[in-house]
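**Q**
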Amino acid sequence: IDLKKLFFKYLPYWYVFVICLLLALAMAFAFNRLKEPVYQVKSTVLIREDQQFSPFMGEIDMFRTRSNWYNETAILQSHTLVGRVLSEMEVDVYYYSVGRILGSFRRREIYNDTPFRVRWDKDHPQPFGERFRITILDSGTYEISTVNGLDEFGGQRRVNFGDYISGEDYSFFLEMDTEFDPEEHGGRIYEFVINDLNRLTPQYIDALEVDPMGQGFSIVEVNFRATHYMRALDFVNMLADTYINQNLAEKNQEANNTINFIDEQISVTAESLTDAEASLQEFREDRQLVDVSLLANQLVNELQVLDKERSIENVKQQYYSFLLEYVRDDREFSEVFAPSALGIEDPLLNNLLLELSKLYNERARLLLTTTEVSPSVRAIDREIEQYQATLEENILSLQQASNIVMSDLNQRIREVERRISELPRTEREMIGIQRLFNINDATYNFLLEKRAEAGIALASNVPDHKVVDPARFSSQVSPRTRMNYAIALVLGLALPFGFFVLRDFFNTRIIDKKEVEQRLGYPVVGLIPRYPKLKDK
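Quick note: the numbering used here has the sequence shown finishing at residue 542, numbered continuously throughout.
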């Protein structure tokens with residue numbers, strides 16, 4: 006290819022290249038101006054695994070969770086989490102500013118910059134996706150119509166701000182959100198669309214990407230695309246905050262379950278303790294008895310130790326019954342707390358509960374992205390059944406062991422009571438009332454101690470995950486202004502050039518004498534011109 010020859014060959018048609026180039030650049034300019042921009046924002050989140058408490062909390066290791074890293078990234082993109090975020094954001098209505106000249110061809114989302122707000126009745130049917138156009142006339146009135154031509158709505162209406170616009174399929178009103186400025190807002194045209202969050206959630210999930218920063222990292226990049234970068238920033242920040250708060254709530258749930266269980270026991274014990282204290286005080290005042298003999302004191306102290314042990318063992322038995330009820334009713338362990346919170350140091354029981362909690366969490370997270378009939382969920386269900394059977398056997402064996410301990414304590418208590426029966430009547434009555442008070446007092450103090458430990462654990466609890474970088478503007482995804490101009494530049498030159506090349510390719514006439522010399526191998530001696538006026542002669 007002789008580039009020099011092609012250049013001078015097509016140089017006479019330079020005006021064609023200029024016209025095509027200007028048209029292509031004009032089209033690129035119009036596309037960049039009319040196309041609604043799409044922005045991308047980015048955030049980074051640290052996802053920790055196997056997060057544990059500090060050593061001083063090891064005795065009540067109730068909150069240790071084992072999160073699967075891949076499941077956590079799936080949760081960030083789950084329908085449940087995204088739907089919860091959208092319900093907290095004001096995205097149920099999209100607002101647009103319409104250009105004064107180009108009208109519907111030129112509109113921009115304005116998010117929170119609109120001078121008015123749409124309040125719609127969530128208990129009434131609404132025309133989701135319908136575009137409503139309004140023109141603000143003054144601080145009190147506006148004109149409204151539909152863009153797509155909603156038949157029921159009819160034509161343009163003039164409405165006062167604050168007045169309901171109701172029909173069979175719509176019910177809403179508009180209120181001024183900012184102070185009316187005649188120069189800024191008067192005569193301006195806006196549009197709004199009422200969104201169905203159930204339909205909006207999948208759109209947000211499609212625009213959301215969660216990817217690892219690299220192999221070996223526990224940090225993920227959260228990318229989101231939207232037509233308004235402030236809305237994108239708010240969504241990504243709220244998504245990360247909601248995700249972290251949800252993780253903290255799951256960790257706090259076990260502590261709250263422990264505190265609730267202990268509070269129920271404390272409320273019952275406190276009433277008994279108050280009654281026992283009143284009875285003891287009344288007996289001492291009636292009998293003028295301040296203290297008892299040395300032997301009676303020894304028996305009372307011995308009986309107090311045994312009663313305290315029996316009270317603690319009784320609390321443990323209530324916990325065993327509480328667990329057994331959960332297992333036999335096949336309920337999820339959402340309200341179960343670790344046995345170490347009540348001083349039950351059985352390694353097998355602790356491990357079984359931890360594994361079951363892990364399996365139930367794994368199952369719940371899988372259900373965010375799959376169904377109950379999927380092989381992975383069924384496999385976890387089989388594991389849960391096996392662990393539940395093992396746990397039930399373990400609880401029954403613990404109950405039997407506890408019954409043996411209770412029998413021994415009861416036997417020792419009866420022996421002390423027999424010795425007390427040999428004391429004088431007044432001392433026996435005094436010991437009986439004192440014993441009731443000591444039992445309730447010991448149980449009450451034991452429960453208060455365990456509740457304080459659970460409260461400390463709850464107060465010192467922190468989420469496993471954290472935001473490394475808050476959401477920030479990353480780039481404009483669409484339209485890509487520079488690329489569009491580059492494409493227009495290439496097409497503006499390539500299209501006319503390609504046209505001329507094709508025209509020459511399909512041309513069967515001899516244009517240049519060199520073509521004859523190249524094909525025949527002989528020089529051209531001379532040319533005989535064709536004179537159209539003499540062709541008939």
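Cβ atoms here follow ideal geometry from the backbone N, Cα and C, with glycine treated the same way.
These numbers were taken from a predicted model, which means no experiment stands behind them.
Go ahead and pull the three-state DSSP assignment for Val-530.
**A** The residue you call residue 530 lines up with position 525 of the sequence shown. Correct three-state label for Val-530: coil.
**Q** Once the 5 residues before and after Pro-468 are set aside, which same chain residues still bring their CB inside 6 Å of it?
**A** In the sequence shown, residue 468 corresponds to position 463, counting from 1. Within the same chain, Pro-468 has close Cβ partners Ile-249, Asn-252 and Leu-253.
**Q** Tell me the rounded alpha-carbon separation between Asn-408 and Leu-401.
**A** Your numbering for residue 408 matches position 403 in the sequence shown. Your numbering for residue 401 matches position 396 in the sequence shown. Answer to the nearest angstrom: the Cα atoms are 10 Å apart.
**Q** Cβ of Ala-29 within 9 Å of Cβ of Leu-372?
**A** If you number the sequence shown from 1, residue 29 lands on position 24. If you number the sequence shown from 1, residue 372 lands on position 367. For Ala-29 and Leu-372, no; Cβs fall outside 9 Å.
**Q** Measure the CB-CB distance between Arg-136 and Phe-36 and report whether it falls below 9 Å.
**A** Start at 1 with the first residue of the sequence shown, and residue 136 comes out as number 131. Start at 1 with the first residue of the sequence shown, and residue 36 comes out as number 31. Cβ distance not < 9 Å, so Arg-136 and Phe-36 don't count as in contact.
**Q** Can you tell me which of Ala-457, Tyr-101, Cys-25 and Tyr-18 puts its alpha carbon nearest to the alpha carbon of Glu-41?
**A** The sequence position of residue 41 within the sequence shown is 36, counting from 1. Here the closest residue by C-alpha is Tyr-101.
**Q** Taking the straight line between their C-alpha atoms, what separation do you get for Arg-162 and Asp-201?
**A** As a position in the sequence shown, residue 162 is number 157, starting the count at 1. As a position in the sequence shown, residue 201 is number 196, starting the count at 1. One C-alpha to the other measures close to 25 Å.
**Q** Which same chain residues, not among the five before or five after Leu-11, have their C-beta less than 6 Å away from its C-beta?
**A** Taking the sequence shown and counting its residues from 1, one reaches residue 11 at position 6. Around Leu-11: no qualifying Cβ.
**Q** Can you give me the start and stop residues for the alpha helix (DSSP H) that Asp-126 sits inside?
**A** Your numbering for residue 126 matches position 121 in the sequence shown. Looking at the DSSP string, Asp-126 is not in any alpha helix (DSSP H), and its letter there is neither H nor E.
**Q** Pull up the distance between the alpha-carbon of Leu-502 and that of Ser-223, whole angstroms please.
**A** If you number the sequence shown from 1, residue 502 lands on position 497. If you number the sequence shown from 1, residue 223 lands on position 218. Checking the sequence shown, residue 502 turns out to be Phe, not Leu. Rounded to the nearest angstrom, the two C-alpha atoms are 53 Å apart.
**Q** Does the distance from the CB of Val-46 to the CB of Tyr-209 come in under 9 Å?
**A** Position 41 of the sequence shown, counted from the start, is the residue given in the question as residue 46. Position 204 of the sequence shown, counted from the start, is the residue given in the question as residue 209. No.
**Q** Any heavy atom of the ligand GTP closer than 8 Å to the Cβ of Ala-384?
**A** Looking for the ligand GTP in the displayed structure turns up nothing, as the structure carries no ligands at all.
**Q** Please name the residue, chosen from Lys-363, Gln-322 and Tyr-365, that lies closest to Pro-344 on a Cα-to-Cα basis.
**A** Translated into positions along the sequence shown, residue 344 becomes position 339. Ranking Lys-363, Gln-322 and Tyr-365 by Cα distance to Pro-344 puts Gln-322 first.
**Q** Excluding the five sequence neighbours on either side, which residues of its own chain have a C-beta within less than 7 Å of the C-beta of Thr-486, listed in chain order?
**A** Residue mapping note: residue 486 aligns to position 481 of the sequence shown, counting from 1. Same-chain partners within the cutoff: Asn-37.
**Q** For Phe-240 and His-470, what's the separation of their Cα atoms in angstroms?
**A** Reading the sequence shown from its first residue, position 235 is the one you call residue 240. Reading the sequence shown from its first residue, position 465 is the one you call residue 470. Each residue's alpha carbon lies about 18 Å from the other.
**Q** Run through DSSP, which three-state label would Glu-226 get?
**A** Locating residue 226 in the sequence shown gives position 221, where the first residue counts as 1. Here Glu-226 sits in strand by DSSP.
**Q** Do the stretch 380-389 and the stretch 348-358 make contact, defined as three or more Cβ pairs closer than 8 Å?
**A** Short answer: they don't touch.
**Q** Of all the alpha helix (DSSP H) runs that stay within the bounds of the stretch 368-421, which reach a length of 4 or more residues?
**A** With a minimum length of 4 residues, no continuous alpha helix (DSSP H) run stays inside the stretch 368-421.
**Q** Classify Asp-118: buried if its beta carbon has 16 or more other beta carbons within 10 angstroms, exposed otherwise.
**A** Reading the sequence shown from its first residue, position 113 is the one you call residue 118. Result: exposed.
**Q** In three-state terms, what does DSSP make of Thr-448?
**A** Along the sequence shown, read from residue 1 onward, the residue named residue 448 stands at position 443. Reduced to three states, the DSSP call for Thr-448 is helix.
**Q** So what does Gln-4 bridge to, in DSSP terms?
**A** In this structure the chain extends from 6 to 542, so residue 4 is not present and cannot be described.
**Q** Counting only runs of 4+ residues fully inside the stretch 138-203, write out the alpha helix (DSSP H) ranges in chain order.
**A** Runs of the alpha helix (DSSP H) inside the stretch 138-203: 187-190.
**Q** Between Glu-255 and Asn-76, is the Cβ-Cβ spacing less than 9 Å?
**A** Position 250 of the sequence shown, counted from the start, is the residue given in the question as residue 255. Position 71 of the sequence shown, counted from the start, is the residue given in the question as residue 76. Going by C-beta atoms, Glu-255 is not nearer than 9 Å to Asn-76.
**Q** Could you compute how far the alpha carbon of Leu-26 sits from the alpha carbon of Asn-489?
**A** Here residue 26 corresponds to residue number 21 of the sequence shown, with the count starting at 1. Here residue 489 corresponds to residue number 484 of the sequence shown, with the count starting at 1. Computed Cα separation, rounded: 13 Å.
**Q** DSSP on Glu-522, reduced to helix/strand/coil?
**A** Taking the sequence shown and counting its residues from 1, one reaches residue 522 at position 517. Looking at Glu-522 - three-state DSSP - the assignment turns out to be helix.
**Q** Going by CA-CA distance only, name the one from Ile-24, Ser-176 and Ala-79 that's closest to Leu-498.
**A** For the purposes of this step, residue 498 is taken as residue 493 along the sequence shown, with counting starting at 1. Ranking the options by Cα distance to Leu-498, first place goes to Ile-24.
**Q** What's the gap between the Cα of Asn-415 and the Cα of Gln-404?
**A** By one-based count along the sequence shown, residue 415 stands at place 410. By one-based count along the sequence shown, residue 404 stands at place 399. So the alpha carbons of these two residues sit roughly 16 Å apart.
**Q** For Glu-276 and Ser-284, what's the separation of their Cα atoms in angstroms?
**A** In the sequence shown, residue 276 corresponds to position 271, counting from 1. In the sequence shown, residue 284 corresponds to position 279, counting from 1. Rounded to the nearest angstrom, the two C-alpha atoms are 12 Å apart.
**Q** Relative to the alpha-carbon of Phe-266, which residue among Phe-327, Asp-312, Val-225 and Lys-313 has its alpha-carbon at the smallest distance?
**A** For this step, residue 266 is matched to residue 261 along the sequence shown. Checking every option, the nearest Cα to that of Phe-266 belongs to Phe-327.
**Q** Over what stretch of residues does the alpha helix (DSSP H) that includes Val-90 continue unbroken?
**A** Stepping through the sequence shown from its first residue, residue 90 is reached at position 85. Per DSSP, Val-90 belongs to the alpha helix (DSSP H) from 84-93.
**Q** Taking the Cβ atom as the reference point for each residue, do Thr-151 and Ile-194 lie within a distance shorter than 9 Å?
**A** Position 146 of the sequence shown, counted from the start, is the residue given in the question as residue 151. Position 189 of the sequence shown, counted from the start, is the residue given in the question as residue 194. Cβ distance not < 9 Å, so Thr-151 and Ile-194 don't count as in contact.
**Q** Does the Cβ-Cβ distance between Val-320 and Phe-451 come in under 9 Å?
**A** By 1-based counting over the sequence shown, the position of residue 320 is 315. By 1-based counting over the sequence shown, the position of residue 451 is 446. In this structure, Phe-451 lies closer than 9 Å to Val-320 by Cβ.
**Q** Could you pull the DSSP bridge partners for Val-50 from this structure?
**A** Position 45 of the sequence shown, counting from 1, holds the residue named residue 50. DSSP output for Val-50 lists Val-225 and Val-472 as bridge partner(s).
**Q** Sort Asp-174, Phe-13, Asn-165 and Asp-182 by Cα distance to Pro-130 and report the nearest one.
**A** Taking the sequence shown and counting its residues from 1, the one referred to as residue 130 is at position 125. That would be Asp-174, whose Cα lies nearest to the Cα of Pro-130.
**Q** Between Val-215 and the rest of its own chain, which residues show a CB-CB distance below 7 Å, the 5 nearest in sequence each way excluded?
**A** The sequence position of residue 215 within the sequence shown is 210, counting from 1. Here the set comprises Thr-78, Leu-81, Gln-82, Val-225 and Val-227.
**Q** Just to confirm my understanding: we take Met-411, look at its own chain, exclude 5 residues before and 5 after, and list those with CB closer than 8 Å. What are they?
**A** As a position in the sequence shown, residue 411 is number 406, starting the count at 1. Around Met-411: Arg-315, Glu-318, Asn-319 and Gln-322.
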